[in-house]
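First comes the structure, then the notes that go with it.
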């Protein structure tokens with residue numbers, strides 16, 4: 032695994048993050064529909080000014096490699112992350128989530144992940160999340176309906 036760092040997101044990161052979010056395999060794995068660049072930028076403008084959202088860029092060898100965030104979902108603190116496809120399978124997501132959890136001490140912390148996304152489920156398990164529920168998600172403009180793992184980190 033390559034050494035990674037987390038740092039705050041800056042406006043200059045947004046084009047790279049948009050490119051990562053637009054990767055077809057990543058969208059298929061996460062069971063998510065891509066946003067337009069306008070929708071992406073509007074969401075990030077909101078997120079960067081929202082104190083309830085903590086977002087960090089994942090940096091690998093001075094290159095933006097992804098993002099990890101804590102946000103409110105269904106009234107609970109939740110986590111989400113994404114790593115560029117070219118760096119999958121190298122332990123980067125697991126290490127980024129571990130570093131983020133050292134910084135973000137809110138517990139319990141929740142995650143919802145498509146049940147078909149075995150790699151992301153494994154990342155969460157390695158970081159101490161446990162399965163709480165299997166459910167069928169509700170379809171929205173951004174998210175197709177799918178089976179989901181609802182996971183929680185207590186400690």
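Residue numbers (our numbering): 32 to 186.
Every residue gets a Cβ at the ideal spot worked out from N, C-alpha and C, and that includes glycine.
Here the structure is a predicted model, which is why all the values come from computation and not from measurement.
Q: Going by DSSP, name the residue or residues bridged to residue 110.
A: 101
Q.
Given this structure, state the Cα-to-Cα distance separating residue 123 from residue 184, to the nearest angstrom.
A. 19 Å
Q: Let me know the secondary structure DSSP gives residue 142 once reduced to three states.
A: strand
**Q.** Burial state of residue 41 (16 or more Cβ within 10 Å)
**A.** exposed
Q. In this structure, does DSSP put residue 89 in helix, strand or coil?
A. strand
Q) Who does residue 57 pair with in a DSSP beta bridge? A) Note: residue 57 sits in no beta bridge, so no partner.
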